[in-house]
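Numbering-wise (my numbering), the sequence shown opens with residue 1170 and increments by one.
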Amino acid sequence: MKNLLLFLAVVLSLSSCSSNDDNELGETSVTGEWKLIRITGNNMEWTGEDMDWQETYLIRADGTFKKTRIQDKESVTAEGTYTIMEEAVTADSNIKLHLTMLFDTQSPIIASCYSASLKKEYLFITLNGLLKSTYNQCDGPGLEYRRTN
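As structure tokens, then:
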């Protein structure tokens, strides 16, 4: 009986010390405003005011998002819905979540490797908390975002 109580005490103490992954995955790690912090391409890198445009995603808990780009003092906004797929994290993977962004209408700010008629973007969240575009996989610029709130 003593061994059983000791075993239960150890198990309970270990489980109380473990991190709560629910706060790190899914909606809680996706929602909020994400600001473009870096553009890469052609062995070059641009950050801050050196980027050709400023851009944000506002990702809402209700499954909708708004993307806004400001370039040459003009603002363009596109909206839609998103879905999340949790990545099985392996030792050689830096990806935690995949997001599919489905835009309501076609827009010049959709960064996609696929036909514009699909109105989709594919993004992922890295283990270190960055939101990244997959646009660089088809010779588009690499786009990295950081959550601001």
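All residues carry an ideal CB built from backbone N, CA and C; glycine is no exception. Bear in mind that the values here come from a model prediction, so they are computed numbers and not experimental data.
Extent of the continuous beta strand (DSSP E) run through TRP1222:
In the sequence shown, residue 1222 corresponds to position 53, counting from 1. Boundaries cannot be given for TRP1222, as no beta strand (DSSP E) includes it and DSSP labels it neither H nor E.
Looking at the strands, I want to know which residues DSSP matches up with GLN1306. Counting from 1 along the sequence shown, the entry for residue 1306 is found at position 137. In DSSP, GLN1306 forms no bridge with anything.
ALA1247, enclosing beta strand (DSSP E) - first and last residue
By 1-based counting over the sequence shown, the position of residue 1247 is 78. Here the beta strand (DSSP E) through ALA1247 covers 1243–1255.
- Query: Tell me which same chain residues have a C-beta within less than 7 angstroms of the C-beta of LYS1235, skipping the five on either side of it?
  - Reply: For the purposes of this step, residue 1235 is identified with residue 66 of the sequence shown, where counting begins at 1. Hits under 7 angstroms: LEU1227, THR1246 and GLU1248.
### Task
Could you spell out where the beta strand (DSSP E) holding TYR1291 opens and where it closes?
Within the sequence shown, numbered from 1, the residue matching residue 1291 stands at position 122. Its beta strand (DSSP E) spans residues 1289–1295.
Query raised in the report: Can you give the beta carbon distance from LEU1287 to SER1302, rounded, assuming they're within the 8 angstroms contact cut?
Result: Numbered from its first residue, the sequence shown carries residue 1287 at position 118. Numbered from its first residue, the sequence shown carries residue 1302 at position 133. About 15 angstroms; that fails the 8 angstroms criterion.
| query | Would the beta-carbon of TRP1215 fall within 8 angstroms of that of ARG1238? | reply | To locate residue 1215, count along the sequence shown from 1; it is residue 46. To locate residue 1238, count along the sequence shown from 1; it is residue 69. Cβ atoms of TRP1215 and ARG1238: not closer than 8 angstroms.
(message) For GLU1290, count the other beta carbons within 10 Å of its own beta carbon; 16 or more makes it buried, fewer makes it exposed. Which is it?
(response) Indexing the sequence shown from 1 puts residue 1290 at position 121. Classification for GLU1290: buried.
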